[in-house]
Amino acid sequence: MAGIKDVANWAGVSIATVSNVINHTKAVSPELTARVYAAIEALDYAVNPVGRGLKSNRTRQIGVIVPSFSQVFFPAVLQGIHESAMQHGYSVSVFESNSNMDTEKEHIRFLQHSWIDGVILASYANRENISDREYIRTLAKMGNEKKAIPVVTLENALDPALDAVIVDNCHAAETAVSHLLSLGHKKIAHIAAPLRLQIGQLRLSGYKKCLRDASIPFSNRLVCEGDYSPRSGYLCAKNLLKQGEAFT
DNA sequence: ATGAGTAATGCTTTGTTTCC
DNA sequence: GGAAACAAAGCATTACTCAT
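Under this note's numbering, the residue at position 61 of the first sequence is numbered 61, and the numbers go up by one with no gaps.
Printed below as a string of structure tokens:
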């Protein structure tokens with residue numbers, strides 16, 4: 001693999017000039033610029049990310065942790081992250097936590113020592129849970145340390161100190177229920193997201209609020225807790241049908 | 001204004017030296 | 001002999017000085 005010294009030798013310039021051409025950090029004459037680019041092409045040179053990272057403290061690598069690759073929601077999210085990262089000259093490393101807090105923490109520990117520039121995290125942590133609070137504080141601190149690794153959470157606003165990209169889950173559930181009501185349905189079942197998570201609670205409250213607004217009594221028997229997977233959706237629907245509670 | 005050359009810097013690993 | 005301390009290497013970037 002050719003390094004910056006090889007390019008400098010081939011082009012007959014100093015390594016400083018090569019660096020200035022690549023990064024546009026200083027004016028370099030068109031003649032030398034052309035020679036540097038010719039050397040880069042001839043030697044098939046690519047900047048060594050380790051060397052660049054040593055000096056700049058930046059690797060242009062982003063870590064992404066999602067609970068599951070098989071959930072319908074995340075492949076589209078990952079695609080969007082990947083496309084946006086590419087546009088900005090970043091690459092993405094993806095990890096699966098299997099909806100398991102220990103695995104998620106393990107990935108975070110690994111990324112903390114992996115010269116990553118930032119983390120996008122669809123966390124399974126619950127800020128109401130005392131045992132998760134210390135972990136959430138750790139995530140919030142990561143962006144303020146000497147080698148800052150900012151963390152952005154998806155779907156779950158864990159801490160005011162952490163940036164988050166979230167959906168208004170309460171309103172979304174309300175919208176879904178009111179759509180069904182507008183079609184004339186009165187008995188609406190809710191296959192819920194995990195209720196230990198904020199997202200599950202918000203969706204359930206949106207569901208309840210819409211029923212309340214329509215003066216329809218809430219029945220716990222019409223709520224079944226799933227885990228996002230297609231299989232849990234199937235099992236919940238099966239259970240609801242089995243227990244004989246009529247819904248439309 | 002342009003470009004060359006040098007040294008320092010970042011962090012980790014590996015090799016070498018010193019000391020008990 | 002083993003542990004601890006120190007030095008050097010790896011690579012790209014950047015600041016600085018000097019030359020043309």
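The C-beta atom is built at its ideal place from N, Cα and C for all residues, glycine as well.
Quick caveat, the model's predicted, so the values are computed rather than measured.
| Check | Outcome |
| --- | --- |
| Run through the segment 74 to 120 for me and flag every whole beta strand (DSSP E) of 3 or more residues, listed as ranges in chain order. | 91 to 96 |
| Name, in chain order, the residues that DSSP records as bridge partners for H190. | V223 |
| Thinking L204 and A192 are a contact (beta carbons under 8 angstroms), I'd like their distance in whole angstroms, please. | 6 angstroms |
| State the Cα-Cα distance for the pair S219 and R109, rounded to the nearest angstrom. | 43 angstroms |
| What's the C-alpha gap between H24 and R52? | 15 angstroms |
| What are the residues that DSSP puts in a beta bridge with G63? | S93 and V119 |
| Mind checking whether A288 and V92 have CB atoms under 7 angstroms apart? | Within the shown structure, residues of the chain are numbered from 1 to 248, placing residue 288 beyond reach of any answer. |
| With DSSP collapsed to three states, give me the class of D213. | helix |
| Can A11 and P67 be called in contact, C-beta distance under 7 angstroms? | no |
| Just verifying my parser: in three-state terms, what is the DSSP assignment at A164? | strand |
| Tell whether a beta-carbon distance below 7 angstroms holds between L158 and A189. | no |
| Could you tell me the distance, in whole angstroms, from the CA atom of M142 to the CA atom of S114? | 13 angstroms |
| With respect to the alpha helix (DSSP H) encompassing V177, which residues constitute its N-terminal and C-terminal limits? | N169 to S182 |
| So who's on the other strand from T33, going by DSSP bridges? | Answer is none; T33 lacks a bridge partner. |
| Taking the CB atoms as reference points, tell me whether R60 and G89 lie closer together than 7 angstroms. | yes |
| For V152, report the span of its beta strand (DSSP E) as first-last. | V151 to L154 |
| Let me confirm a value: R35 is counted as buried when at least 16 other C-beta atoms fall within 10 Å, else exposed. Which label applies? | buried |
| Could you work out which residue in V119, V7, K209 and N48 is closest to L314 when comparing CA atoms only? | Within the shown structure, residues of the chain are numbered from 1 to 248, placing residue 314 beyond reach of any answer. |
| Excluding the five sequence neighbours on either side, which residues of its own chain have a C-beta within less than 7 angstroms of the C-beta of I40, listed in chain order? | V7 |
| Between the Cα of I166 and the Cα atoms of V77, K242, V21 and P49, which residue gives the shortest distance? | V77 |
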